[in-house]
Amino acid sequence: MISLSVNGQVHEIDVEPDKPLLWVLREDLNVVGPKFGCGVSACGACTVHVERSAVRSCSFAVADAVGKTVVTIEGLSQDGQLHAVQRAWIENQVPQCGYCQPGFIMATVALLRENPKPSDTDIDDALSNICRCGTYSAIRRAVHRAAAILGGAP
Ligand code: FES
Ligand code: FES
């Protein structure tokens, strides 16, 4: 049995320790915000936070998350309030099909923790996620808006 903290809830689950975190979330815990895109750490659709840092959960063994805090897009809002990054996304109408967006949002929250006022180049460097709908310029606008909303304190 493995004990896993996800979005503030501790779960006891019977899984192989090398099972990717993405599949534990989706298959065993029904947490389906993190998406499967490539399975080889290339697209970022599966991005979640482990100990407040962005990780690509398709390539992250669940055993490596034991004793740590896992947060997915489902756990980003607090007290019924959307996170500033989610609000900036809505303001800028970023999503097209939406499939990649949970990964971009989680990567952005982690970026703004490290760099509260990123430049376009910083954003392009940090967000190596892939969007097949081509929402990159809207994402850049939304990241700047989120940085402004947060006022340097994500
Ligand atoms: S599904 Fe994990 S990076 Fe693509
Ligand atoms: S919004 Fe469709 S893949 Fe990104």
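Residue 144 in the numbering used here sits at position 151 of the sequence shown, with consecutive numbering throughout. Beta carbons: idealized from backbone N, C-alpha and C, even for Gly.
For residue i, which option in the options has the closest C-alpha, if you only look at C-alpha atoms?
{"i": "residue 50", "options": "96, 76, 137, 85", "result": "96"}
{"i": "residue -6", "options": "78, 9, 132", "result": "9"}
{"i": "residue 45", "options": "53, 38, 29, 62", "result": "62"}
{"i": "residue 81", "options": "138, 15, 144", "result": "138"}
{"i": "residue 123", "options": "14, 31, 3, 17", "result": "31"}
{"i": "residue 26", "options": "126, 144, 98", "result": "98"}
{"i": "residue 110", "options": "58, 91, 133, 40", "result": "133"}
{"i": "residue 144", "options": "15, 106, 14", "result": "106"}
{"i": "residue 88", "options": "33, 127, 34", "result": "127"}
{"i": "residue 56", "options": "75, 77, 112, 5", "result": "5"}
{"i": "residue 118", "options": "125, 101, 131", "result": "101"}
{"i": "residue 84", "options": "114, 135, 70", "result": "135"}
Let me check you understand the geometry: is the CB of residue i closer than 7 Å to at least one non-hydrogen atom of ligand 2?
{"i": "residue 125", "result": "yes"}
{"i": "residue 31", "result": "no"}
{"i": "residue 129", "result": "no"}
{"i": "residue 39", "result": "no"}
{"i": "residue 88", "result": "yes"}
{"i": "residue 94", "result": "yes"}
{"i": "residue 91", "result": "yes"}
Examine ligand 1 and report whether any of its heavy atoms sits within less than 7 Å of the Cβ of residue i.
{"i": "residue 34", "result": "yes"}
{"i": "residue 70", "result": "no"}
{"i": "residue 49", "result": "yes"}
{"i": "residue 52", "result": "yes"}
By DSSP, does residue i sit in helix, in strand, or in coil?
{"i": "residue 101", "result": "helix"}
{"i": "residue 15", "result": "helix"}
{"i": "residue 136", "result": "helix"}
{"i": "residue 62", "result": "strand"}
{"i": "residue 79", "result": "helix"}
{"i": "residue 116", "result": "helix"}
{"i": "residue 50", "result": "helix"}
{"i": "residue 89", "result": "coil"}
{"i": "residue -1", "result": "strand"}
{"i": "residue 24", "result": "coil"}
{"i": "residue 6", "result": "strand"}
Hey, residue i and residue j are a contact pair by Cβ (cut 8 Å); roughly how many whole angstroms apart?
{"i": "residue 22", "j": "residue -1", "result": "6 Å"}
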